[in-house]
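If you use mature numbering (1 follows the signal peptide of the UniProt record, and there is no 0), the sequence shown corresponds to residues -25 to -1, 1 to 356, in order.
In this text, a Cβ means the ideal position worked out from N, Cα and C, and glycines have one as well.
Single-structure report; data block below.
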Amino acid sequence: MISRNPSCHILRFIVLCSLLGTSYESQLDRKLYIVYMGEKQHEDPNLVTAVHHDTLSSILGSKNAALESIVYSYKHGFSGFAAMLTESQKTKLADLDEVLHVTLSQKCQAHTTRSWDFLQLDIEHETELLQQSNWGDDSIIGIIDTGIIPEAECFNDKGYGPIPSRWKGKCVTGQNFNNITDCNRKLIGARWYAGGVDKYNIEEDYLSARGVNDHGTHTSSIAAGSFVFNASVHGLAIGQARGGAPRARIAMYKVLWGESGQGNDAAVLAAVDDAIHDGVDVISLSLGASTSFEGDASFTTLHAVINGISVVYSAGNTGSKPQSVANLAPWAITVAATNIDRSFPTYITLGNNQTLVGQGMYNGLEKDSMFEDIVFRDRYL
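Take a look at the structure:
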């Protein structure tokens, strides 16, 4: 029998709106969480990922929901995954016996030819460390950063032998990046990770390992750039540029996007996981959060160290203030900036013949320079 009571229809309408509102709100409230499950229980990566899907399905109610929610599956160096979850779903996952830790994925961002001589890594004497290590030959350095410009001279593979046989990584084709022409015996690997990254940062970048931000190119050249002769900045400081291990191979893992170099922890962990699988010897991360935060996901790099990989972090960009150093994992090497033993003096002579000395990179010889000469207005009146 059809109810003729209007209050009954109103009640049904309110209940329906409440259910719809709850569902819609739960979608809006989803955030990217990292679910850490410790050591992987299977050697087959597909089985590890299947465990992740089953774990997530037990909370979300179906495998389809799990596949829609999951962003990354960590299956090589350790077990875990990143997924879009509500607060209540995150809490339920954290209560599972097989889950060790659940943390909110935090945003992270990107943090000279003379440097290695300044550090006394001398290229002249046979007794020096650089010669003893054969210039880093046969080593593979994984750079987790903003991508790379493969055409740079410091990534030329002239004189290099075959790629080390232990290398299991990939060079992935993407936007303005070709795995045949852009990778070589120097730049042997290239991947990118865009899951969970803000859309506007991706849209202003290349959807590939090529970086619109030069930070990754810079850090790669510092770590393992080949010899480049007559390098200079606007014709100043002419010399021989090289990386710390100029004969080492480079694998780029792009996790930071856009002009500002923005990313997230979940993508970084995916890159670390792949780097462990690929066979790198060193992982370099010049990135981190702008401030310290709870739930730092850097503990997963411990699995890289357990696998015999050295992990090197930058100390951050905050400056010489108390509690400003990021990336403090005790199993990693954290490197801070320092001074250097040279300067670029610029002399300015005033009208009273007083000369002031400052620092500058302008030599006055560039035709298309953005700088303009300083002149006295009265001279042309």
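Query                                                                                                                            : Result
Start and end residues, beta strand (DSSP E) containing Y11                                                                      : K6 to Y11
Proximity test, Cβ basis, 8 angstroms: R166 and chain D                                                                          : Judged by its chain identifiers, the structure shown contains no chain D, having just a single protein chain.
Endpoints, the beta strand (DSSP E) within which A85 is located                                                                  : K82 to A85
Cut-off 7 angstroms between Cβ atoms - residues of its own chain near D132, not counting five sequence neighbours on either side : N159, R160 and K161
Contacting residues, own chain, Cβ-Cβ under 6 angstroms from H252 (five flanking each side not counted)                          : H51
Residue nearest to residue 401 in terms of C-alpha spacing, selected from A312, Y288, S299 and T313                              : Since the first and last residues shown for the chain are -25 and 356, residue 401 lies out of range.
Assumed close pair S44, H27 - CB separation to whole angstroms, cut-off 8 angstroms                                              : With 8 angstroms as the limit, S44 and H27 do not qualify as a contact, their Cβ atoms being about 11 angstroms apart.
Of the residues H17, Y8 and G13, the one placed nearest V46, counting alpha carbons only                                         : Y8
A245 versus A206: straight-line alpha-carbon distance, rounded                                                                   : 35 angstroms
Continuous beta strand (DSSP E) assignments of at least 3 residues falling wholly in the region 131 to 170                       : 162 to 167
Whole-number beta carbon distance between S201 and F130, since they are thought to touch under 8 angstroms                       : 7 angstroms
Where the alpha helix (DSSP H) containing D120 begins and where it ends                                                          : From DSSP, D120 is part of no alpha helix (DSSP H) but of the beta strand (DSSP E) over I115 to D120.
Contact check, L262 vs Q84, beta carbons under 8 angstroms                                                                       : yes
Rounded separation between S273 and Q334 - CA only                                                                               : 38 angstroms
C-alpha gap between G122 and A226, whole angstroms                                                                               : 10 angstroms
Close beta carbons around D141, own chain, < 6 angstroms, minus the five adjacent residues each side                             : Per the sequence shown, residue 141 should be read as Arg rather than Asp. Around R141: G254.
For S32, three-class secondary structure by DSSP                                                                                 : helix
7 angstroms Cβ shell around T192 - same chain, five flanking residues per side excluded                                          : I123, I124, A127 and G186
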